[in-house]
Amino acid sequence: MLSYILRIMQEFERMHGQHPQVIYLNSRHMRQLMHECPDLFSEHRPVPLGFRIVELPEEEMPHPKAAWLPPQTPELLRVVKPAKASARAGTSRRKIHAKKQH
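Under our numbering, the sequence shown is numbered contiguously, ending at residue 145.
Structural data, given as structure tokens:
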């Protein structure tokens with residue numbers, strides 16, 4: 044799974060000329076990555092990942108995807124409410140569950 048994610052990141056960089064900041068995974072891919080590479084999620088990891096992993100429901104994210112998000116500015120934060128999604132930062136094991144809006 045990690046080699047596949049790295050390949051997706053390299054393809055993104057070739058296409059867009061910059062390194063992605065975010066990798067979107069579904070729950071199944073996240074479990075597989077955690078099983079294959081448990082040290083990536085250790086609090087004592089010596090090197091940061093350099094990107095965030097965002098976990099989304101499988102129906103919304105059937106395949107892993109790389110993305111680059113523009114930096115948030117205070118003006119933008121006042122206008123746009125942040126999207127609710129299940130997110131995993133590289134240094135945190137805490138899972139934030141998203142609520143679906145009807």
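We put the beta carbon where it would ideally sit given N, CA and C, even for glycine.
Per DSSP, the bridge partner or partners of residue i
i	result
TYR67	VAL97, LYS108
From the options, residue whose alpha carbon lies closest to that of residue i
i	options	result
GLU98	GLU86, ASP82, VAL65, SER85	VAL65
ARG71	SER46, TRP111, MET104	MET104
Whole-angstrom C-beta distance between residue j and residue i, which should lie under 8 Å
i	j	result
MET44	GLU101	The Cβ separation is near 15 Å, so there is no contact.
PRO107	ILE48	6 Å
ILE96	LEU68	6 Å
HIS63	PHE84	Before going further, note that residue 63 is Pro rather than His in the sequence given. With a Cβ gap of about 19 Å, PRO63 and PHE84 do not count as contacting.
Bounding residues of the alpha helix (DSSP H) (the contiguous stretch that carries residue i)
i	result
SER46	45–59
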